[in-house]
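Each remark here refers to the structure printed beneath this line.
There are 2 protein chains.
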Amino acid sequence: MKDIETPKLASDCVVFLPGGLLLIRRGFPPWKGGYALPGGFMEVGETAEQACARELAEETGLRVDPATLRLVGVYSDPGRDPRGHCVSIAFTARLDQGLPRAGDDAAAVEVVPDWHRVEMAFDHARIVADAERLWLGSVE
Amino acid sequence: MKDIETPKLASDCVVFLPGGLLLIRRGFPPWKGGYALPGGFMEVGETAEQACARELAEETGLRVDPATLRLVGVYSDPGRDPRGHCVSIAFTARLDQGLPRAGDDAAAVEVVPDWHRVEMAFDHARIVADAERLWLGSVE
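Protein chains in written order, with the working numbering: chain A, 626 to 765; chain B, 626 to 765.
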C-alpha cells in the first residue's frame, strides 16, 4: 500500500467561542498572515478526531476531547490547496472554558467577532458556513 | 507537500436496492472472497464523491451522479485496514434503476437481502449501520 498515491489528509477545527470564531493568523505560506481555522496534516496512526484535537492544542493551546468533536464535512476539491491535492476533514468543537494562545505554526490566535467580514485561507469560509448550519440545525 | 506522509484515502459506497444491500465479493486480499462495500482508493485530482462514483461504476457497473451522494461518515481508525492506515470516506447513494454486474477487482457483485447476517470486510458493517441510521433519520 506504500506505493499507492492518494491525496494528502488534513483536519480543521471550527470553534465558536462566546466572543466569536476562533481563528489563527497563518505563520507560513500559503496565505501567510491570513486568517485560517486551526488545523493541519493528519499523521499516520492517529484518527481524524485525534489529529483535529492535536492541531487545535498545538496552534491555540485549547484542549478538547476528540470523542466530543462533531463532523462538519469532507472538503476534497483538488484545487482547494495551491500546494497540491489535500482533503480536509472538518470538525466543530464546543469549548466552555480556556483561553487561546498562539503556538506552533500559528503566528497569532484571535477570537474574531465579525468573522463573516474577514477573508480566510483555503475554503475555510465555506467550512465555517457549513458548521454554522450544523449548529443551527442541532437541538442543543 | 510531496514529502508529507499522511494516511491513505479511500471511498466506499453504501447502496440500498429494493432487493437488499449492494455488496461485492472481494477479488483480492485482505478478506479475499469476503463481502465488502464497493469502493477503493481515491486518486489525486478527484473529489471524494467522484472517487466513490468511479469505484461504484468500476466494481458494479452502476452509475450515480457524484453530486447526489450523501456523506455517511469518515472512518479513520489506524487499525481498520491490515495493510496500513487508510481512511475511508463513506457515502450512500440512492439508485432507482440499473442492474449491477461485477467488474474490476470485484470477483462478484450481489444484492444481499439479509445483510445483517453476513460478515463484511474491514469496518464495513459499521459503515452500513451508520448509513441505515442516516436513512431512518431522513425525511425522504
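Cβ atoms here follow ideal geometry from the backbone N, Cα and C, with glycine treated the same way.
Simplified DSSP state of residue i, which is helix, strand or coil
{"i": "B:T672", "result": "coil"}
{"i": "A:I629", "result": "coil"}
{"i": "B:G767", "result": "Residue 767 of chain B lies beyond the residue range present for chain B, which begins at 626 and ends at 765; the question has no answer from this structure."}
{"i": "B:G755", "result": "A small correction: the amino acid at residue 755 of chain B is Asp; Gly does not occupy that position in the sequence shown. Three-state DSSP puts B:D755 in a helix."}
{"i": "A:E683", "result": "helix"}
{"i": "B:A746", "result": "coil"}
Contact list for residue i against chain A, beta-carbon separation under 7 Å
{"i": "B:G664", "result": "Result: empty, since nearest Cβ-Cβ is about 13 Å, beyond 7 Å."}
{"i": "B:G708", "result": "For the record, residue 708 of chain B in the displayed sequence is Arg; it is not Gly. Within 7 Å Cβ-Cβ: M626."}
Neighbour list for residue i in chain B, Cβ cutoff strictly below 8 Å
{"i": "A:L634", "result": "T631, P632, L634, V712"}
{"i": "A:V640", "result": "Ordered by position in chain B, no residue passes the 8 Å Cβ test against A:V640, which lies about 19 Å from the chain."}
Cβ neighbour criterion (16 or more within 10 Å) applied to residue i
{"i": "B:V764", "result": "Confidence at B:V764 is low in this model, with a pLDDT of 48, below 50, so its placement is unreliable and no value can be given for it."}
{"i": "B:P725", "result": "buried"}
{"i": "B:G665", "result": "buried"}
{"i": "B:H749", "result": "buried"}
{"i": "A:E630", "result": "exposed"}
{"i": "A:D628", "result": "exposed"}
{"i": "A:P623", "result": "Since the first residue shown for chain A is 626 and the last is 765, residue 623 of chain A is missing from the structure and cannot be characterised."}
{"i": "A:V753", "result": "buried"}
{"i": "B:P654", "result": "exposed"}
{"i": "A:L687", "result": "buried"}
{"i": "A:V734", "result": "buried"}
{"i": "A:L634", "result": "buried"}
{"i": "A:E680", "result": "buried"}
{"i": "B:E744", "result": "exposed"}
{"i": "A:H710", "result": "buried"}
{"i": "B:D637", "result": "buried"}
{"i": "A:D690", "result": "exposed"}
{"i": "B:M626", "result": "exposed"}
{"i": "B:D706", "result": "buried"}
{"i": "A:A678", "result": "buried"}
{"i": "B:L761", "result": "exposed"}
Chain A contact residues for residue i, given Cβ-Cβ distances below 8 Å
{"i": "B:A673", "result": "V699, S701, V712"}
Proximal chain A residues relative to residue i, where beta-carbon distance stays under 9 Å
{"i": "B:G670", "result": "P632, P703, H710"}
Interface partners of residue i on chain B, CB under 7 Å
{"i": "A:M745", "result": "The premise fails here: A:M745 is roughly 20 Å from chain B at the closest Cβ pair, so nothing lies under 7 Å."}
Residue i beta carbon near the ligand PLP (any heavy atom closer than 7 Å)
{"i": "B:L642", "result": "In the structure on display, the ligand PLP does not appear, and there are no ligands present to speak of."}
Short CB-CB distance (under 8 Å) between residue i and chain E
{"i": "B:I629", "result": "This model lacks chain E altogether; the protein chains it does include are A and B."}
Chain A contacts made by the segment 677-710 of chain B, where a contact means CB separation under 7 Å: L696, G698, V699, S701, D702, P703, R708, G709, H710
Length-filtered (3 minimum) beta strand (DSSP E) runs lying within the segment 692-721 of chain B: 695-700, 711-718
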